[in-house]
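Student:
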Amino acid sequence: MFTTFVAHRLITYNKLQYNLQTHYFDHIMAEKEMKQTIDQVIVRFSGDSGDGMQLAGNIFSTISATVGNDICTFPDYPADIRAPQGVLTGVSGFQVHIGADKVYTPGDKCDVLVAMNPAALKTQYKYCKPTSAIIIDTDSFTAKDLEKAEYKTDDPIKELGITCEVVPSPITSMCIETLKDSGMDNKSMVRCKNMLALGLVCWLFDRDLSLAEGMLRAKFAKKPEIAEANIKVLRAGYDMGHNTHASISHTYSINSKPKAKGKYMDINGNKATAYGLMAAAEKAGMTLFLGSYPITPATDILHELAKHKSMGVITMQAEDEIAGCASAVGAAYAGALACTSTSGPGICLKSEAINLAVITELPLVIIDVQRGGPSTGLPTKSEQTDLLQALFGRNGESPIPVIAATSPTDCFESAYLAAKIAVEHMTPVILLSDAFIANGSASWKLPDLNDYPEIKPNYVTPDMVEGWTPYKRNPETLVRYWAVPGTPGFTHRIGGLEKSNETGAISNSPENHHLMVEQRQEKVERIANTLPPLKVEGDEDADLLIVGFGGTYGHLREAMLQMRAEGKKVAHAHFNVINPLPRGTQETLARYSKVVVAEQNMGQFAGYLRMKTNGINIRQYNEVKGQPFNIATLVDSFTKIMEE
Amino acid sequence: MSEYKAQDFKFGQPRWCPGCGDHAFLGALHKAMSEIGVAPHQTAVISGIGCSSRLPYYMNTYGFHTIHGRAAAIATGAKVANPDLTVWQISGDGDGLAIGGNHFIHAVRRNIDLNMILLNNRIYGLTKGQYSPTSVRGFVSKSSPYGTVEDPFRPAELCFGARGNFFARCVATDMNAAVECLKAAAQHKGASVTEVLQNCVIFNNGTHESVYTKEGRMKNAIYLEHGKPMLFGPEKEYGLAQEGFGLKVVKLGENGVSEKEILVHDAHCSDPTLHLKLALMEGPDFPVALGIIRDVEAPTYNDSVHAQVEEIKGKKNYHNFAELLETNETWEIK
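As structure tokens, then:
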């Protein structure tokens, strides 16, 4: 019965999709089996935060990527480490969008929802559409479970008004049945139930279990008996799907389109950021130093870099956010490629030390993985609300290059660029990431560092000894030359007091201060000369230009593509570098009759663009929910703007 | 013998008030550095904010005048990133123990190889006279016109509470003793804290009066030397002896007291209990302890960080970015 339900629902779904979005799929009739080939699907795993949904989702994504699909994932986990079991606040979700072609977002709503308990069903149902299929674990729908999830009746389906197909499935009891002879205790057996759900989903989408098994063996390398128990349950889940059908079988094979040749891996934004910094340090021939203090959702950057001591990386878990940044400033002073990683609340504390790097013109990379604010706010959720803090949140005139990574894999490129700008232009650089791209993952073609531009620190050379002073600048870039302590002949003093132009002596002169303010500003502005101009995707003669920055790239691009598919003329300009603005920003924005800036804050980038451009009527789309944009909502809103 | 003279470390014209203890200390530091023998370009002097934190501007070394309270954290990053540098960290009592208290205790706890100098004049001078975390209870200042109602930190106590392995104390104007403390601090591997008792002629004149002159020190201070009996007084007629869990001052020859009863200083004893007792002594009942009170070897943070890097380099089979990529689960599109 189960398979019939799911298969039926999925056919319905795909037909609807086909009609609506001109997505195509083929029916491939095998001799006795019907296997349908589809172009994309969105699956959401949800359960108690202890149910292992992130692991199940991760494995499913990775094996899909391994067979050549493109993936984009979104882990949606609660702030509590482990809320009481079964309650609404403890639900952990993991959504993956799998496509034949490049996918840019985890998608709005899912095609298949796995809900391991009533709390998951209640909180996650909003991610379903009428055509979705919901797989529930019937064993976790007892009266007690319903009470914990605050249901008022004993019929959760009716109570929630669920209209899409629900596939009841005895996940926990099947799991226990599978492991009954294993000698494991009940609690340990139940802990494997996520693999039963995964097995079921793997069957549904015709995924090769051997890949998942390999991943489990690697994950539990030190506990092979746990690995084997998980694999047994995984297979049982797959077989449950396979065996419970009688004569017909509709499983789905997801197309994969030819991709660039080479090796690929799955990577999330935080890991990609760490990799970008390591790549830049190697290219620059510098020691990588990270001073950091644990903070959600940035801590994984510290975790990642702490692992790679064999590459000479030095990480220091400081006593506080301030010392995380201050130690990095000290490391930069002493000649390292120095970085500090944090989230918004940490930036508040680091701003003083960042400013020291501004006035002393030392290279420093500050990574802000943005989360919901203000104050402690929504630690595990994503926003773009730190933009103005990054640009202006320091005392005095304090210009800093600001870069915003646009996707999980772009975190690599952006971190590399941030490091390159920092050491070549002797300036702190703020790299904005956000919880969404930091935790989201995508398949990534392994880069070859030979393809990346050189990074040349602006060191003094021995021939400069005569008459050298610490604030002599390269006349073209206005970058001062870097004499790293330990270099003979260049002893000098720098500090947070205003410096005399060129000589670096303490100066209170009004004219000198104005000159130094201008030079620091001009130095940052000239960085634009080394960067590509603003790019626009979509229609040349668009009636609407959608503008965004950072982690919303995929959603805005998707919205633009959908609108174009409806015959509208739309374009999309996305900013990766925010300060200095790319060349051509004014001219590009002025070309379009309507410009809308869409961002996950109350209009920070829109306001900044108004300040930096002339005569452009900038409309706004703002949403601050801690959640990724919803493409359908974007399309609706942009369409309304076009119709105004 | 060092190839350097004090002159090699001098730079510029100090701008502290005439009579400020910082002048005398700066002279002692120049002299100590010339005797230590580390080249000026291998020396970094890193300070926070305050009168004494202007000191790097008067050093012909690499100097970094940073931000209020953060000198210890910044110096930590510099030393870890570039362990070949000899790093001096200069802070006053406000910079080091108030706004920078957290960085102070953690630098000491980590045992990073910094020469941490705490210039203690028990006052905020640069902001023109507010009480500091080392001002005595009841101290009247612009921000405490009716006297403070809080107890001060005792720097040694904070240092030992953070598991400090080196603590020395000197008087800014006591050149030879200060030079000896600074040399010992530099030779000590790990975080060394040297408390410099220093006068502020403008806002807190006479704060260390009892020990600020040679005569005063003769009567009211004891110079501790490792391996030597703890004797003091103009004729070395007084000594320190143990009494129960505490210390007592005894006079040689009085009540049958002989030198046998006098404690012999052991700066290298790993148990800090007696070091703390010595460091906390104050008048009028006890002499103020000067010299190297504690000097114990322990693994340093910077050495351990780099040793771990070397160890892991030997254990792991990837050492560059291309090799790092290969440690991941990958798949190939052909």
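For the protein sequence lines, the chains are A and B, in the order given.
So the first sequence is numbered by our numbering: it starts at 1 and just counts up by one.
So the second sequence is numbered by our numbering: it starts at 1001 and just counts up by one.
Even for Gly, the Cβ is constructed at its ideal location relative to N, Cα and C.
Model, not experiment: these values are computed from the prediction.
1. Can you list the residues of chain A that Pro1155 (chain B) reaches, using a CB-CB cut of under 7 Å?
2. What number of angstroms, rounded off, separates the C-alpha of Thr287 (chain A) from the C-alpha of Gly68 (chain A)?
3. Please go through the same chain and pick out, in chain order, the residues whose beta-carbon is closer than 7 Å to the beta-carbon of Asp145 (chain A), but skip the five residues on each side of it.
4. Hey, out of A:Leu362, A:Ala336, A:Tyr333 and A:Ala323, whose CA is closest to Ile347 (chain A)'s CA?
5. Can you pull the chain B neighbours of Glu352 (chain A), defined as C-beta to C-beta under 7 Å?
6. Short of 6 Å in beta carbon distance, which residues of its chain neighbour Gln519 (chain A), apart from the five on each side in sequence? Order them along the chain.
7. Please report the distance separating the alpha-carbon of Leu446 (chain A) from that of Ala272 (chain A).
8. Using the rule of at least 16 other Cβ atoms within 10 Å of the residue's Cβ for burial, across every protein chain shown, is Tyr481 (chain A) buried or exposed?
9. Which residues in chain A have a C-beta closer than 9 Å to the C-beta of Asp1303 (chain B)? List them in chain order.
10. Counting only the same chain and skipping the five closest in sequence on each side, list residues whose C-beta sits under 6 Å from that of Gly584 (chain A).
11. Using a Cβ distance threshold of 8 Å, determine whether the segment 1299-1315 of chain B contacts the segment 1077-1084 of chain B, with at least three qualifying pairs required.
12. Along the chain, where does the beta strand (DSSP E) containing Gln562 (chain A) start, and where does it finish?
13. Under 7 Å between C-beta atoms, does Ser310 (chain A) make it to chain B?
14. Please list, in chain order, all residues of the same chain as Glu540 (chain A) whose beta carbon is under 8 Å from its beta carbon, the five residues on each side excluded.
15. How would you write the range of the beta strand (DSSP E) that Asp1295 (chain B) sits in, first residue to last?
16. According to DSSP, is Phe1160 (chain B) part of a helix, a strand, or is it coil?
17. Considering only DSSP beta bridges, list what His1106 (chain B) is partnered with.
18. Determine whether the beta carbon atoms of Asp300 (chain A) and Thr62 (chain A) lie at a separation below 7 Å.
19. Examine the Cβ distances between the segment 1240-1254 of chain B and the segment 1326-1334 of chain B and report whether three or more of them are shorter than 8 Å.
20. Following the continuous alpha helix (DSSP H) through Met642 (chain A), name the residue where it begins and the one where it ends.
21. Taking just the CA atoms, how far does Arg1217 (chain B) sit from Phe1286 (chain B)?
22. Does the count of Cβ pairs from the segment 1132-1148 of chain B and the segment 1115-1123 of chain B closer than 8 Å reach three?
23. List the residues of chain B that Lys456 (chain A) touches, going by C-beta distances under 7 Å, in chain order.
24. Hey, out of A:Ala149, A:Gly107 and A:Ala218, whose CA is closest to Leu55 (chain A)'s CA?
25. Under 7 Å, Cβ to Cβ, is there at least one residue of chain B near Leu708 (chain A)?
26. Strictly under 7 Å for the Cβ-Cβ distance: is Ile248 (chain A) near chain B by that measure?
27. For Glu1282 (chain B), which residues from the same chain have a beta carbon less than 7 Å from its beta carbon, with the 5 sequence-adjacent residues on both sides left out?
28. So is Gly1161 (chain B) in contact with chain A if we call contact Cβ pairs under 7 Å?
29. Taking Cβ-Cβ distances shorter than 9 Å, what residues in chain A pair up with Lys1313 (chain B)?
30. For the beta strand (DSSP E) containing Pro374 (chain A), name the first residue and the last one.
31. List the residues of chain B whose Cβ lies closer than 8 Å to the Cβ of Ser327 (chain A), in chain order.
32. Closer than 7 Å by beta-carbon distance: list the chain A residues that pair up with Phe1064 (chain B), in chain order.
33. Check Gly93 (chain A) in the structure and name its three-state DSSP category.
34. Out of curiosity, what's the CA-to-CA distance linking Lys1228 (chain B) and Ser1270 (chain B)?
35. At a CB-CB cut-off below 8 Å, which residues of chain B make contact with Thr287 (chain A)?
36. Going by DSSP in three states, His514 (chain A) sits in which element: helix, strand or coil?
Tutor: On the basis of the supplied data:
1. What Pro1155 (chain B) touches in chain A: nothing, since even the nearest Cβ is about 18 Å away.
2. Take the alpha-carbon of Thr287 (chain A) and the one of Gly68 (chain A): they are about 36 Å apart.
3. Hits under 7 Å: Gly86, Asn117 and Pro118.
4. Minimum Cα distance to Ile347 (chain A) is reached at A:Ala323.
5. Around Glu352 (chain A), the beta-carbon contacts reaching into chain B at under 7 Å are Ile1067.
6. Taken in chain order, the residues that qualify are Leu478.
7. Their Cα atoms are separated by approximately 11 Å.
8. Tyr481 (chain A) should be labelled buried.
9. Correct list: empty, because the minimum Cβ distance to chain A is about 13 Å.
10. Excluding sequence neighbours, Gly584 (chain A) sits near Pro533 and Leu534.
11. They touch, by the three-pair rule.
12. Per DSSP, Gln562 (chain A) is not a residue of any beta strand (DSSP E); the alpha helix (DSSP H) it occupies stretches across Tyr553 to Ala565.
13. Any Cβ of chain B closer than 7 Å to the Cβ of Ser310 (chain A) would place that residue at the interface, and such an atom is present.
14. For Glu540 (chain A), where only same-chain residues beyond five positions count, the Cβ hits under 8 Å are Ala571.
15. Asp1295 (chain B) -> beta strand (DSSP E) spans Val1288 to Asp1295.
16. Reduced to three states, the DSSP call for Phe1160 (chain B) is helix.
17. DSSP output for His1106 (chain B) lists no bridge partner at all.
18. With a cutoff of 7 Å on beta-carbon distance, Asp300 (chain A) and Thr62 (chain A) are scored as not near each other.
19. Taking a contact to require three or more Cβ pairs closer than 8 Å, the segment 1240-1254 of chain B and the segment 1326-1334 of chain B do not qualify as touching.
20. Residues Ile631 to Glu643.
21. Approximately 12 Å, taken between the alpha carbons.
22. The count of Cβ pairs closer than 8 Å, one atom from the segment 1132-1148 of chain B and one from the segment 1115-1123 of chain B, reaches three, so the stretches are in contact.
23. The premise fails here: Lys456 (chain A) is roughly 18 Å from chain B at the closest Cβ pair, so nothing lies under 7 Å.
24. Of the candidates A:Ala149, A:Gly107 and A:Ala218, the one whose C-alpha sits nearest the C-alpha of Leu55 (chain A) is A:Ala218.
25. Only positions 1 to 644 of chain A appear in the structure, and residue 708 (chain A) is not among them; the question remains open.
26. The predicted model places Ile248 (chain A) with a pLDDT of 30, which falls under 50 and marks its position as unreliable; any figure quoted below should be read in that light. It does not; no Cβ of chain B falls within 7 Å.
27. Around Glu1282 (chain B): Val1288.
28. With respect to chain A, the C-beta atom of Gly1161 (chain B) has no partner C-beta closer than 7 Å.
29. What Lys1313 (chain B) touches in chain A: Lys309, Ser310, Met311 and Gly312.
30. Neither: Pro374 (chain A) is in no beta strand (DSSP E) and is coded neither H nor E.
31. Chain B residues near Ser327 (chain A): Ala1073, Ile1074, Thr1076, Gly1077 and Val1080.
32. Those within 7 Å of Phe1064 (chain B) in chain A are Tyr333, Ile494 and Gly495.
33. In this structure, Gly93 (chain A) counts as strand in the three-state DSSP scheme.
34. Straight-line Cα distance between these residues: approximately 18 Å.
35. Near Thr287 (chain A) (Cβ distances below 8 Å), the residues of chain B are Ala1081.
36. Correct three-state label for His514 (chain A): helix.
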